[in-house]
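Here the protein sequences come in this chain order: A and B. Using this note's numbering, read the first sequence as starting at -7 and increasing by one per residue. Using this note's numbering, read the second sequence as starting at 10 and increasing by one per residue. Glycine included, each C-beta is placed from N, C-alpha and C at the ideal position. Predicted model only: the values in this text are computed from it and were never measured. First comes the structure, then the notes that go with it.
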Amino acid sequence: MRGGAASLGVNMSNWTIIICLLALAALLVWLKRGMVARWRAGRRYAARVRREDAIKHILKCEVNSGEATMESLAGHLQIPTDRTAELLESLEDRGLLSLQGGKIRLKNAGRDLGLHLVRAHRLWESYLSEQTGVSEAEWHKRAERQEHLLTPEQTDALAARLGNPTTDPHGDLIPARGQPVAGDRGMVLSAAEPNQPLLVSHVEDEPAAVYSQITAQGIRPGMRGLIVEKLPHRIRFWANGNEHVLAPIVANNISVEPLTDCTGNDLLDEEFLTGLATGQSGRVLGLSAACRGPERRRLLDLGFVPGTEVVAEMKSPGGDPTAYRVRGTLIALRREQAALVRISTPNSIAV
Amino acid sequence: MSDAASQPANSPSADRILQAAENLRRNIQGDLHEHVVEALYADAARIADRAVSRPGVAAQPTFDRTLDRILTSRLWGFPIMIALFALMFWITIAGANAPSGWLAWLLVDQGWPMLRHAAEGLGFPWWLSGLLIDGIYLATAWVISVMLPPMAIFFPMFTLLEDFGYLPRVAFNLDKAFKKAGAHGKQAMTTMMGFGCNAAGVVATRIIDSPRERLIAIVTNNFALCNGRWPTQILIASLFLGSLVPAHLAGLISAGAVVCVALLGVFFTFAVAWTLSRTVLKGEVSTFSLELPPYRPPRVLRTLYTSLIDRTIIVLWRAIVFAVPAGAVIWLSANVKIGDLSIAQHLMQSFDPVGVFLGLNGVILLAYIVAIPANEIVIPTILMLTVVATGSAEVGQGAGVMFELDSDASTKALLQTGGWTVLTAVNLMLFSLLHNPCSTTIYTIYKETGSVKWTALATLLPIVLGVVVTFLVATVWRLLQ
């Protein structure tokens, strides 16, 4: 009897162990839900993202009249060269590109995929900037994720919802469906001549460290400015009533186009709402291109539209914000907002 | 429309038009929508200028302007603001005393024994009358008598200032400080409101239209010491801190201690706002706008009516809804026994090590758990639980019956029997500032944000801060001894 009880005890613990093992196995390999299935799905997704990023890089090189090489691809994706070779082979197997004579050439299917990715990315950035008010530093990061998740149909629906925009918030052209991707416009800022009025046409959002320096300086596409002085180690760039001192590596990521409808002095004489002392008045000329999305619509709603007269009524005891009288209403604006409203004062008109 | 649809897609004229439209679109600088908006405004302004005549300059704006100059001046802006709010709090605290006393007399001193008699007459078993009358009725009675008078005084005054147009000027004056913390100047208004009632303060954050700043205002509102917590602060400060100094300084010291706790709350408001805006709320949407409406003579009667209905009654109703189950729980915990001890005694004993570690005790921790529905019942609950814990038979009305004592001296004697020291008092004041919001506020936060995540953050963050702060104070205190 005793032996029986002991063997039953052993059996019991064996059963416990077996049940535990089965539960563990189920947790790991349960179809579609188990950890193994999830891990494999994650791997597949990561591999697809890498393939798509590779196609995008090759397409961007192509349209900017450069040529993607295995090294540039490895650098862009930050993977070792031998893994890049494997990646290129798998892309060739999928009929997305050809590798003839050591040159990487996109096939039509690859070009279509790249076009969709670029379009989805730029549309998503437009969406974030125009309709959500998500901070500027987040746009690129979020669009990098979203471009892999949107289907072409969803992208079209997004475009329609945004009113088929033609440029994204960085100044890049958004390709229409089936249209070729256009190359980057203009020249880099470091190549422009001093004292020539310029329009910022594009701000490169990669690498992120340089991009965050540019946004921190408040430089955005659509702004007008000019180079005050060019020194070997820095460029003094005047825009929006402020001087920005830029390192050449930063200036290389800003594209500009020459402006013909104004002179350099016009830009230097530009005045902003921040320049008004208490009791002074000015007339609104327009909102800076740096002011976008909900904030821009809010300012327009409040009446900061061209031709409106604005009086600086009073300053807060702390010096900021300032209350402005616009169309009979008192509106308080913070300094950064007031710096976005371009005005003309009676002073400047007399001169 | 039908023409365009019937036109074959490859018709040469249609192609030409589409092409022309495409070219035009490409050549327009900037955003098309915006050009439309600007053109609309410009047209509207032209029409208005032609059609509307403005006879002379109205007298109103100059009066407004003079008042604005004074209320937002560097010299007078802050002193006027501080004086006005000090006056408001003084009126609230001083004015609420008498009606609170009357209500307590009516509901507790008269109503409670009457109900017990009635229950006896009807032959209720002891547990039923205990649960209904000692638990539920008494908790509700305490909440009403402590909560109603200050809210009925504070909210109308607040609404009058709001109606007059002064509060937006406060936001204007304080915006710089709030901006540095990553918050909105209008939070000044919701924080002030929070000094009245945090639930009402959370509702008031609707005036902040920028989502990120609104979340900050909601999460930090609990750091404004609400009406329900002022009595606790004042009582404990005068019992334990006022007695440390000579009698003629006692009032000053205890008032100063309460103000210090309130200011500490303001400090935490800014510190937490600063941290949140740079961490979890970094990616949230943020825009700023603040309109300064013209001053208007306040409509007194309407204001009284709406502030009573919209703010006081709604908040009071929610508090009662939560006080009813709390009363039941408090009574049951003190009367249901497991083994030889009641549930309350079991819990107090298991909380005691943690409580003492934090410079508090098990009674206080349990009181804060069962009194989550309303901060108003913390002191009566602590007194009742202290009687249960120490077994002093000479005070109180029996297990599970909340009470307050008539004389401060006997309250202090009872608390000292429960092992209270000056450290316990100081840490209770700190913990009263830094603990989870009451259930009314938690529910309101959930209603306003619609998010479990933000509700959980707003609930747990103050507790974590409270535990850290009381622990630090207790540790330093013990090192110095």
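Check whether the Cβ of B:L290 lies closer than 8 Å to any Cβ atom in chain A. Answer no: the Cβ-Cβ gap between B:L290 and chain A never drops below 8 Å.
On the three-state DSSP scale, how would you describe A:F229? strand
Neighbour list for A:E44 in chain B, Cβ cutoff strictly below 8 Å: Simply none; closest approach about 24 Å.
Alpha carbons only, please: which of B:E413, B:T464, B:C269, B:A376 is nearest the one belonging to B:Q242? B:C269
Would you list the one or two residues that DSSP bridges to A:H194? A:S247
If contacts are defined as beta-carbon pairs under 8 Å, then B:S342 and B:V379 qualify, I think. What distance do you get, rounded to the angstrom? 7 Å
Using a Cβ-Cβ cut-off of 7 Å (strictly less than) and excluding sequence neighbours within five positions of A:S204, which residues of its own chain qualify? A129
Would you kindly check if the distance between the Cβ of B:G194 and the Cβ of B:L234 is under 8 Å? no
Determine whether the Cβ of B:D24 lies closer than 8 Å to any Cβ atom of chain A. no
Evaluate A:R40 with the Cβ neighbour count: other Cβ atoms within 10 Å of its Cβ, from every protein chain shown; 16 or more gives buried, anything less gives exposed. exposed
Name the DSSP beta bridge partners of A:H236, please? A:F229
Does DSSP put A:Q209 in a helix, a strand or coil? coil
Buried or exposed: which applies to B:G336, given that a residue is buried once 16 or more other Cβ atoms fall within 10 Å of its Cβ? By the neighbour-count criterion, in which a residue is buried when 16 or more other Cβ atoms sit within 10 angstroms of its Cβ, B:G336 is buried.
Does A:C254 pass the burial test, meaning 16 or more other C-beta atoms within 10 Å, or should it be called exposed? That one is exposed.
Cut-off 6 Å between Cβ atoms - residues of its own chain near B:K421, not counting five sequence neighbours on either side: L248
For the region 363 to 374 of chain B and the region 433 to 450 of chain B, state whether three or more C-beta atom pairs, one from each stretch, are separated by less than 8 Å. Segments in contact, yes.
Are any of the Cβ atoms in chain A nearer than 8 Å to that of B:V152? no
Answer yes or no: does any C-beta atom of chain B fall closer than 8 Å to that of A:M306? yes
Going by DSSP, name the residue or residues bridged to A:T314. Answer is A:K307, A:L325.
B:A246 versus B:I102 - alpha carbon distance: 15 Å
A:R216 lies in the beta strand (DSSP E); which residues open and close that run? 216 to 222
Complete runs of the alpha helix (DSSP H) confined to the region 109 to 172 of chain B [at least 4 residues]: 121 to 130, 135 to 138
If contact means a Cβ-Cβ distance below 7 Å, which residues of the region 307 to 326 of chain B contact chain A? none
Looking only at its chain, what residues have a beta carbon closer than 8 Å to the beta carbon of B:E457, apart from the 5 residues adjacent to it on each side? V211, V212, T214, R215, I227
Give me, in chain order, the residues of the same chain whose beta-carbon lies closer than 7 Å to that of B:L183; leave out the 5 immediate sequence neighbours on both sides. G194, A197
So, does the CB of B:T420 fall closer than 8 Å to a CB anywhere in chain A? It does not; no Cβ of chain A falls within 8 Å.
Near B:L124, which residues of its chain fall below 7 Å by C-beta distance, leaving aside the five closest residues on each side in sequence? I142, Y146
Contained alpha helix (DSSP H) runs [length at least 4] in the region 279 to 333 of chain B, N- to C-terminal order: 309 to 315
At a CB-CB cut-off below 8 Å, which residues of chain B make contact with A:V202? Neighbours of A:V202 on chain B: none; closest Cβ ~20 Å, over 8 Å.
Alpha-carbon spacing of A:P199 relative to A:L165, whole angstroms: 19 Å
Closest to A:M215 by C-alpha separation, out of A:L109, A:I206, A:A60, would be which residue? Among A:L109, A:I206, A:A60, the Cα nearest to that of A:M215 is on A:I206.
Here's the rule: buried if 16 or more other CB atoms are within 10 angstroms of the residue's CB, otherwise exposed. What is B:S263? buried
Helix, strand or coil at A:V202 according to DSSP, with G and I counted as helix: helix
In chain B, which residues lie less than 7 Å from A:R169 when you measure between Cβ atoms? Here the premise fails: no neighbours, minimum Cβ distance about 14 Å.
Do the region 274 to 289 of chain A and the region 209 to 227 of chain A make contact, defined as three or more Cβ pairs closer than 8 Å? yes
Along the region 121 to 144 of chain A, where does the CB come closer than 8 Å to a CB of chain B? Name the residues. T124, G125, V126, S127, E130
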